[in-house]
Amino acid sequence: MGTIYAIANQKGGVGKTTTAVNVAACIAAAGYETLVVDVDPQGNATVGLGVDRDSAGVYEVLTGELPAAEAIRPTAIDHLSILVSTPDLAGATMELPRSAGSEMRLRDAIAPLREDFAFILLDCPPSLGPLTVNALVAADRVIVPVQTEYFALEGLAGLLDTLSLIQRELNPRLTVAGMLLTMHDARTKLAQDVEREVREHFPALVFDTVIPRNVRLGEAPSYGVPVIHHDPHCAGSEAYFELAKEVAARG
Ligand code: ADP
Ligand code: MG
């Protein structure tokens, strides 16, 4: 039975998509069947994996037009598949709240996929709207990327409150896999201070692995490949390999 991870933070640009794509690629490289579900209408994970946004995907799965198993598409990478984000998905943010029980749509639709995939990663949009709620209801664990910058802690308390609420009301299984420090620049005192502060605030909750700021990580999406297929030995590749091991070890 596969495990479902949501990669969530209502802030944009903190490294959610980079983490979803690259952790998925590292797990797939280890030979596990892995699925990325692009829950963000912006479709960055879809494009970052070199897949077109023109076929059916998460939108059709949420509306029930298509069973999830039929909407899955392969990527160019062994053991890595995707449920794409099409431009239609933006409409789901308005349509979902109109129907009762809509928070469970994604959970119910992708549950059968646990048979086929060892790891399912849900890349969330930068909001706590209906799509993110669907992802958090569907997930077993949540990974929270935190950009290592001055306002890092801002919004984290609110996010944790939302997670507790979802856990209480909608998904008692949900736990925090960990917070992940991203775009860390070890040369700056600021990054060191922010890291210390986040670890002090949330002891035991922060992954040991820290993702460095790395040019290769930023440019890989423009080639439509995860970083380990762009430059397997760069610091970004090494960090995401370490993180994938840590995620798997935390169970
Ligand atoms: P989110 O999904 O949270 O909005 P992204 O993963 O898309 O954030 O990252 C935002 C931008 O920063 C993207 O252009 C991405 O390529 C870049 N980026 C993410 N992580 C790193 C990193 N560790 N080093 C350099 N650039 C990064
Ligand atoms: Mg994103």
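Heads up: the sequence shown is residues 171 to 421, going by my numbering.
All C-beta atoms in this analysis are idealised placements derived from N, C-alpha and C, irrespective of residue type, glycine included.
In this text the structure is predicted, and so the values were computed from the model without any measurement.
Would you mind listing the beta strand (DSSP E) stretches within the region 242-280 that are 3+ residues and don't spill past its ends, in chain order? If one requires a minimum length of 3 residues, the beta strand (DSSP E) runs lying completely within the region 242-280 are 250-253, in chain order.
Could you tell me if the beta carbon of lysine 359 falls within a distance shorter than 7 Å of some heavy atom in ligand 2? No heavy atom of ligand 2 is found nearer than 7 Å to the CB of lysine 359.
Between the Cα of histidine 371 and those of Lys415, Ile336, Leu326, Asn179, spot the shortest distance and give me the residue it belongs to. Cα-wise, what sits closest to histidine 371 is Leu326.
Starting from glutamine 180, follow the beta strand (DSSP E) in both directions and report where the run begins and ends. For glutamine 180, there is no enclosing beta strand (DSSP E), as DSSP gives it neither H nor E.
Spatial distance of isoleucine 242 from valine 364 (CA atoms): Taking the straight line joining both Cα atoms gives about 39 Å.
What residue range does the beta strand (DSSP E) around aspartate 293 cover? For aspartate 293, the enclosing beta strand (DSSP E) covers residues 289-293.
How many whole angstroms separate the CB atoms of threonine 173 and aspartate 310, which I take to be in contact at a CB cut-off of 8 Å? The pair is a contact, with the Cβ atoms about 5 Å apart (cut-off 8 Å).
Ligand 1 site residues, beta-carbon cut 5 Å against heavy atoms: Listed along the chain, these residues meet the criterion: Gly182, Gly183, Val184, Gly185, Lys186, Thr187, Thr188, Met353, Ile381, Arg383, Asn384, Leu387, Gly388.
Can you say whether leucine 259 is buried or exposed, counting buried as having 16 or more other CB atoms within 10 angstroms of its CB? Counting Cβ neighbours within 10 Å, leucine 259 comes out buried, since at least 16 surround it.
Could you check where the beta strand (DSSP E) with threonine 345 kicks off and where it finishes? It spans 345-352 - the beta strand (DSSP E) in which threonine 345 sits, taken as one unbroken run.
Assuming glycine 394 contacts leucine 219 (C-beta within less than 8 Å), just tell me the rounded distance between them. Between leucine 219 and glycine 394 the Cβ distance is about 7 Å, and since that is below 8 Å, they are a contact.
Suppose contacts are defined by Cβ-Cβ distances below 8 Å. Is valine 316 in contact with leucine 351 by that definition? Yes, the pair counts as a contact, with Cβ atoms nearer than the cut-off.
Could you give the uninterrupted runs of the alpha helix (DSSP H) lying entirely in the region 289-336, keeping only those of 4 residues or more? List check, alpha helix (DSSP H) in window: 300-308.
So, at 6 Å on beta carbons, what are the nonlocal neighbours of threonine 216 in its own chain, with the 5 sequence-adjacent residues on each side left out? Excluding sequence neighbours, threonine 216 sits near Asp208, Arg223, Val254, Ser255.
Is it the case that the CB of threonine 192 approaches a heavy atom of ligand 2 more closely than 7 Å? Contrary to the premise, residue 192 reads as asparagine rather than threonine in this sequence. Taking 7 Å as the cut-off, one finds no heavy atom of ligand 2 near enough to the beta carbon of asparagine 192.
heavy atom of ligand 2 below 7 Å from asparagine 478 C-beta: Nothing about residue 478 can be reported from this structure: the residues present for the chain run from 171 to 421 only.
Whole alpha helix (DSSP H) runs in the region 184-251 with 4 or more residues, listed along the chain? Under the rule that a run must span 4 or more residues, the alpha helix (DSSP H) segments found entirely inside the region 184-251 read 186-199, 214-218, 228-233, 238-241.
In angstroms with no decimal places, state the Cα-to-Cα distance between phenylalanine 411 and proline 391. In this structure, the CA atom of phenylalanine 411 is about 17 Å from the CA atom of proline 391.
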